[in-house]
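In what follows, a single structure is set out as structure tokens and then discussed.
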Amino acid sequence: MRVCVYAMAMPTALKALTFLFVLAVLAPDQSEGQHHQPYCPSFSCGPFRNISSPFRQASDPPGCGYPSYELVCSDTKATIHIDNVTYHVSAINDSGSYFWLWVVDADMDLYSSCPLPRWNRPPYSFRVVNDEMEVELDPLSRRQTCFLKCSREVKDNGMYMPVACLSSNDTYVYVLTGYGSCSMEYLEPSCGYLAMTPWPCHSPSCWDYEPLENASYVDVVKSMRIGFAVQFPFRYDRMSRSIKECLILQFREDAISCVLQIIVVDGNFWRCLLDSRVGDDALSVVPFVFLSVKWLAVLCRFVLAPLAVLILLAHKYWKTRITIDAVEKFLRMQQMLGPMRYAYTDITTITSHFRDKLGQGGYGSVFKGVILPGKVHVAVKMLEGNPNCNGEDFINEVSTIGRIHHVNVVRLMGFCSEEMRRALVYEYMPQGSLDKYIFLAKKSFS
């Protein structure tokens, strides 16, 4: 339990220190950004409105958007240059799980009966930026359609679909579709790469445009006329990102997301620290230690501590219940043989709400009372509740004195027991307590 107390106390201070450290890391960067970050207003381009980063216009200042995502705008169209090829932008999706823009080759005669794609970029084409692999204009679909140029006719291979309009007497052009069609294992010795085009889809799984296995050239032309999606720029290798860059990326969202990030700021800090390349192997163990302490505190606070309290309360309840049951069992038997049992409300009525106090003893206070009808005067001893007492003293006094009927012994007329409130009702002795006469006699002899 002491370990849980320490564990619950440590993460509070740790979280505060982590939050201050995050502010110290981000504050200089934000103040620097206020002086050097260029103003990049949103703009309209063709049918699209409120376009912002990663896109830019030629008139935007340096630092706005990505140069490779520069749009050329007219009143009705938006185009983009990819590897010296102009593409029409027909859709931009900047919401949801995947961000993409839909492009169609603008320079290719799509109405020709024998078009050839000019996309010349393999999947996951990247450039190195700050020791990271940054991917730009990467096709959203991982499935490609490949055009191969062969010096010999390929026979007995169902994957190679001939393209008669592009072939000649000594040159044979084929198209390969399906998953992994552009891999080297399917390349015949007499063939070489000619062109490729991504398969159209709106998500990496491509469930909406599932490519046909061994599709014909006519089907490929249909997909070329539809176009394909390319992704917004993103980075692959997060291990080389600095802690500052990682933390800044956590807060580049809307207001609600920023509030949520502040709540879990310590978790983001340690995650960014793990993602960064720490030079010392010993330091990489530190996040695991603090995360272990934090989750130990969560376990102690929300599981072990409530469980311990429930066990303690249950134990106390059953202990009290057993004591009360023992007393009740005895009193039911005693009621048939001995004094009368009173309710606690009867005791308050008899004593007029404990108005006339006769004295104080080691086991409780004694009050004067009157039992109606008959106006019988009694002395009511209210026993003080003792949590360590199991009721044996009360049982012994009722069982012994209640059965004694002697002229020289004060008679027990009744009793009360409700939960832990207990009282004994004796006959009233108007001359007072016997000890006054005994001690007075001793003084006379001396």
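Count the sequence shown with mature numbering (1 follows the signal peptide of the UniProt record, and there is no 0) and you get residues -33 to -1, 1 to 413, in order.
From the three backbone atoms N, C-alpha and C, an ideal C-beta is built for every residue, glycine too.
This structure is a prediction, so every number in the text was calculated from the model and none was measured.
Buried or exposed, going by whether 16 or more other CB atoms sit within 10 Å of the CB of Leu103?
The displayed chain sequence assigns Glu, not Leu, to residue 103. Glu103 comes out buried.
Buried or exposed by the 16-neighbour rule on C-beta atoms within 10 Å, applied to Gln398 | Sixteen is the threshold: since fewer than 16 other Cβ atoms of the shown chains lie within 10 Å of the Cβ of Gln398, the residue is exposed.
* Does the Cβ of Thr287 lie closer than 7 Å to at least one heavy atom of the ligand FMN? -> For the ligand FMN, the structure offers nothing, since it holds no ligand at all.
(request) Return the chain-ordered list of same chain residues with a C-beta closer than 7 Å to the C-beta of Tyr54, the five sequence neighbours on each side being excluded. (result) Thr46, Ile47, Val70, Val71, Asp72, Ala73.
Would you mind listing the beta strand (DSSP E) stretches within the region 354 to 394 that are 3+ residues and don't spill past its ends, in chain order? Runs of the beta strand (DSSP E) inside the region 354 to 394: 379 to 385, 388 to 394.
- Message: Can you confirm whether the region 331 to 338 touches the region 312 to 323 when touching is taken to mean that 3 or more C-beta pairs between the two stretches lie within less than 8 Å?
- Response: At 8 Å Cβ cutoff, the stretches touch.
**Inter-stretch contact (C-beta, 8 Å, three-pair minimum) for the region 110 to 118 and the region 131 to 140** = Because the criterion of three Cβ pairs below 8 Å is met, the region 110 to 118 and the region 131 to 140 touch.
Taking its Cβ as the centre, do 16 or more other Cβ atoms sit within 10 Å of Ser135, making it buried, or is it exposed? Answer is exposed; the Cβ neighbour count stays below 16.
### Beta-carbon separation (whole angstroms), Thr164 vs Phe199, contact threshold 8 Å
With 8 Å as the limit, Thr164 and Phe199 do not qualify as a contact, their Cβ atoms being about 20 Å apart.
- request: Determine the closest residue to Asn60 out of Cys31, Phe15, Ser332, with distance taken between C-alpha atoms.
  value: Answer by Cα proximity: Phe15.
Buried or exposed: Ser108, going by 16 or more other Cβ atoms within 10 Å of its Cβ?
-> Under the 10 Å beta carbon count, Ser108 is surrounded by 16 or more other beta carbons and is classified as buried.
* beta strand (DSSP E) containing Arg308: first to last residue? -> For Arg308, the enclosing beta strand (DSSP E) stretches over residues 307 to 309.
(request) Measure the C-alpha to C-alpha separation of Met(-24) and Leu279 and round it to an integer number of angstroms. (result) Model confidence at Met(-24) stands at a pLDDT of 49, short of 50, so the residue's coordinates are unreliable and nothing is read from them.
Self-check item: C-alpha distance - Phe132 paired with Asn17, whole-angstrom precision
Solution: With the sequence shown as reference, residue 132 is identified as Cys, and Phe is not the correct amino acid for it. Those two C-alpha atoms are separated by around 44 Å.
Hey, out of Ser41, Ser11, Cys7, whose CA is closest to Pro29's CA?
-> Looking from the CA of Pro29, the closest CA among Ser41, Ser11, Cys7 belongs to Cys7.
### Query
Do you know how far the Cα of Asp42 is from the Cα of Ala25?
Near 16 Å, if we compare the C-alpha coordinates of Asp42 and Ala25.
task = For Gln327, I'd like the list of residues in its chain whose CB is within less than 8 Å of its CB, leaving aside the five on either flank, ordered along the chain.
result = Cβ within range, chain order: Val333.
| said: Quick check on this structure: which residue in Pro21, Gly369, Val52, Lys324 has the alpha carbon closest to the alpha carbon of Tyr36? | reply: Taking only the C-alpha atoms, the option nearest Tyr36 is Pro21.
- [ ] Could you tell me which uninterrupted beta strand (DSSP E) segments, each at least 3 residues in length, are contained entirely in the region 32 to 66, listed from first to last along the chain?
- [x] If only uninterrupted beta strand (DSSP E) runs of at least 3 residues are considered, those enclosed by the region 32 to 66 are 38 to 40, 45 to 49, 52 to 60.
Flag this pair as yes or no: are the beta carbons of residue 425 and Pro273 separated by less than 8 Å? The question about residue 425 has no answer, for the chain in this structure spans -33 to 413.
### Cβ-Cβ separation, Cys149 to Gln111 (assumed contact under 8 Å), whole Å
Confirmed, about 5 Å.
Measuring CB to CB, does Cys31 end up less than 8 Å from Arg23?
In this structure, Arg23 lies closer than 8 Å to Cys31 by Cβ.
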